[in-house]
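Everything on this sheet refers to the single structure shown next.
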């Protein structure tokens, strides 16, 4: 079978961003081939230059001259795929609705990933589970002693990285409470419509799906919480796995004005926890400070500055400023009172 025309990517089964993009590719019916492994290693084996920053998944695009170029970062890649494969789009045509989708996608990619990383490596039972299974998912043939060594090394390394998502004894209750509220918001919203913005998925759906594949399908503690608080979300994750047979339509997304009130539950959680983190981080990055502290959900929060998330805030504002005056007004009505408006008014 000739697979030369397939889109190629390098990923890992336990990577939420890999699962985000695989779910999207299946829905969009884009032929692909995925290689499991670390991108740096695979790219070196293939003789392909590494991008400046290497993330999972890494895509390989034809540069138009017969050479493969490695690309990372799922959000811009989704937009790239829209130009290469226009059918079965995941970006709403209505600019105002597309902005809300972009905001939800960013919330999933940058805050919901805190749920995933925290629950994977902070609770002892989850760290033991991940430390055992992740090396074996990369090579189930590992010998027992080798698997134990990999577990010890990998677990220690990942636990040491909890600080990068702000997970510690002080912030753990904030992250866990936010996860519970998010699940409750999803439980209410999915009772109104099958996807975040209507009858078919948008980019934000796949962003949340990616994180939830791990929270619902891999890590014990968040899985139990999800089954308790939001069985609809659990079922939704299983359904999102392969939507290749779903037939989208031009009116498959509910208009912004007709979205159920339950959408505000998700936006309110974004405004409650993610927005203050974005603003504090951006201020620290601008000032050249290596860390930042603020109050999130009435609790102290401190973590390392993250230049990429400062860019996220800038990109959100660029997308907002690109809207027409009428579309800005429509977006403002939806965001009013959620806390999300603060990042558009004060940045």
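Numbering (our numbering), first residue to last: 16 to 362. All C-beta atoms, glycine included, are put in the ideal place defined by N, C-alpha and C.
>> Strictly by DSSP, which residues pair up with residue 73?
In response: Taking the chain shown and counting its residues from 1, the one referred to as residue 73 is at position 58. Residue 73 is bridged to 25.
> Are the beta-carbon atoms of residue 115 and residue 349 separated by less than 8 Å?
Replying inline: Against the chain shown, residue 115 aligns to sequence position 100. Against the chain shown, residue 349 aligns to sequence position 334. Yes, these two residues count as a Cβ contact at 8 Å.
> CA-CA distance, residue 211 and residue 48?
Replying inline: Translated into positions along the chain shown, residue 211 becomes position 196. Translated into positions along the chain shown, residue 48 becomes position 33. Roughly 28 Å separates the two Cα atoms.
> Can the beta-carbon of residue 174 be found less than 8 Å from the beta-carbon of residue 126?
Replying inline: Sequence index remark: in the chain shown, residue 174 carries index 159 (1-based). Sequence index remark: in the chain shown, residue 126 carries index 111 (1-based). Not in contact: residue 174 and residue 126 (Cβ atoms no closer than 8 Å).
> What are the partner residues of residue 317, as DSSP defines its beta bridges?
Replying inline: One-based indexing of the chain shown puts residue 317 at position 302. For residue 317, which the question treats as bridged, DSSP gives the partners 308.
> In whole angstroms, what is the alpha-carbon distance linking residue 230 and residue 314?
Replying inline: Locating residue 230 in the chain shown gives position 215, where the first residue counts as 1. Locating residue 314 in the chain shown gives position 299, where the first residue counts as 1. If you take the alpha carbons of residue 230 and residue 314, they lie about 24 Å apart.
> If you run the structure through DSSP and keep just helix, strand and coil, what is residue 338?
Replying inline: Within the chain shown, numbered from 1, the residue matching residue 338 stands at position 323. In this structure, residue 338 counts as coil in the three-state DSSP scheme.
> If you run the structure through DSSP and keep just helix, strand and coil, what is residue 48?
Replying inline: Against the chain shown, residue 48 aligns to sequence position 33. The answer is strand: DSSP assigns residue 48 an E or B state.
> Since residue 84 contacts residue 76 with CB under 8 Å, what's their CB separation in whole angstroms?
Replying inline: Working through the chain shown from its first residue, we reach residue 84 at position 69. Working through the chain shown from its first residue, we reach residue 76 at position 61. So it is a contact: roughly 5 Å between Cβ atoms.
> How would you call residue 33, buried or exposed, if buried means at least 16 neighbouring beta carbons within 10 angstroms?
Replying inline: Translated into positions along the chain shown, residue 33 becomes position 18. The residue in question, residue 33, is buried, as its Cβ has 16 or more Cβ neighbours within 10 Å.
> From the DSSP output, which residues share a beta bridge with residue 123?
Replying inline: Translated into positions along the chain shown, residue 123 becomes position 108. Looking at the DSSP assignment, residue 123 forms no beta bridge with any residue, so it has no partner.
>> Pop quiz: residue 86 and residue 93 are said to be a contact at Cβ under 8 Å. What is the actual Cβ separation, rounded to whole angstroms?
In response: Here residue 86 is taken as the residue at index 71 of the chain shown, counted from 1. Here residue 93 is taken as the residue at index 78 of the chain shown, counted from 1. At roughly 12 Å, the Cβ-Cβ gap does not stay under 8 Å, so residue 86 and residue 93 are not in contact.
>> Which of the three DSSP states is assigned to residue 83 in this structure?
In response: One-based indexing of the chain shown puts residue 83 at position 68. Correct three-state label for residue 83: strand.
> For the candidate residues 228, 299, 352, whose alpha-carbon lies nearest to that of residue 326?
Replying inline: Residue numbering aside, residue 326 sits at position 311 when the chain shown is read from its first letter. Checked all of 228, 299, 352; the closest Cα to residue 326 is 299.
> Ordered along the chain, which non-local residues of its own chain (more than five positions away) have a Cβ less than 7 Å from that of residue 267?
Replying inline: By 1-based counting over the chain shown, the position of residue 267 is 252. Closer than 7 Å at Cβ, skipping near neighbours: 213, 214, 215.
> Would you say residue 318 and residue 248 are within 8 Å of each other, going by their C-beta atoms?
Replying inline: Counting from one through the chain shown, the residue named residue 318 turns up at place 303. Counting from one through the chain shown, the residue named residue 248 turns up at place 233. Taking 8 Å as the Cβ cut-off, residue 318 and residue 248 do not qualify as a contacting pair.
> Counting along the chain, where does the alpha helix (DSSP H) carrying residue 173 start and finish?
Replying inline: Sequence index remark: in the chain shown, residue 173 carries index 158 (1-based). Run containing residue 173: 159-175, per the alpha helix (DSSP H) assignment.
> Would the beta-carbon of residue 365 fall within 8 Å of that of residue 103?
Replying inline: This structure cannot settle anything about residue 365, because the visible part of the chain is limited to 16 through 362.
>> Using only the alpha-carbon positions, how far apart do residue 322 and residue 146 sit?
In response: Against the chain shown, residue 322 aligns to sequence position 307. Against the chain shown, residue 146 aligns to sequence position 131. Going by the C-alpha atoms only, they are around 29 Å apart.
>> Given this structure, state the Cα-to-Cα distance separating residue 17 from residue 46, to the nearest angstrom.
In response: Residue 17 sits at position 2 when you count from the first residue of the chain shown. Residue 46 sits at position 31 when you count from the first residue of the chain shown. Its pLDDT being 48, under 50, residue 17 is placed unreliably by the model, and the measurement read from it follows with that caveat. Straight-line measurement puts the Cα of residue 46 at about 12 Å from the Cα of residue 17.
> Relative to the alpha-carbon of residue 54, which residue among 43, 44, 66 has its alpha-carbon at the smallest distance?
Replying inline: For the purposes of this step, residue 54 is taken as residue 39 along the chain shown, with counting starting at 1. For residue 54, the nearest C-alpha among the options comes from 66.
>> Determine whether the beta carbon atoms of residue 130 and residue 237 lie at a separation below 8 Å.
In response: Indexing the chain shown from 1 puts residue 130 at position 115. Indexing the chain shown from 1 puts residue 237 at position 222. Contact: yes.
> How would you call residue 188, buried or exposed, if buried means at least 16 neighbouring beta carbons within 10 angstroms?
Replying inline: Locating residue 188 in the chain shown gives position 173, where the first residue counts as 1. Flag for residue 188 reads exposed.
> From residue 274 to residue 255, what distance separates their C-alpha atoms?
Replying inline: On the chain shown, residue 274 is found 259 positions in, with the first residue counted as 1. On the chain shown, residue 255 is found 240 positions in, with the first residue counted as 1. Using only the alpha carbons, I get a separation of about 21 Å.
>> Using only the alpha-carbon positions, how far apart do residue 200 and residue 351 sit?
In response: Here residue 200 refers to the residue found at position 185 of the chain shown. Here residue 351 refers to the residue found at position 336 of the chain shown. Cα to Cα, residue 200 sits roughly 18 Å from residue 351.
>> Among the candidates 72, 297, 307, 64, whose CA atom is the shortest distance from the CA of residue 82?
In response: On the chain shown, position 67 is the one that residue 82 refers to. Of the listed residues, the one whose Cα sits closest to residue 82 is 64.
> So, residue 180 versus residue 132, is the Cβ gap smaller than 8 Å?
Replying inline: The count along the chain shown starts at 1 and reaches residue 180 at position 165. The count along the chain shown starts at 1 and reaches residue 132 at position 117. It is a contact, given that the beta carbons lie within the stated cut-off.
> If you count every other CB in all the chains shown that lies within 10 Å of the CB of residue 365, and 16 or more means buried, which is it?
Replying inline: The chain is shown from 16 up to 362; residue 365 falls before or after that span and cannot be answered.
> Identify the residues that DSSP records as bridge partners of residue 210: which are they?
Replying inline: Within the chain shown, residue 210 is the residue found at index 195, counting from 1. 213.
> Between the C-alpha atoms of residue 140 and residue 240, what's the straight-line distance to the nearest angstrom?
Replying inline: One-based indexing of the chain shown puts residue 140 at position 125. One-based indexing of the chain shown puts residue 240 at position 225. Cα-Cα distance, rounded: 14 Å.
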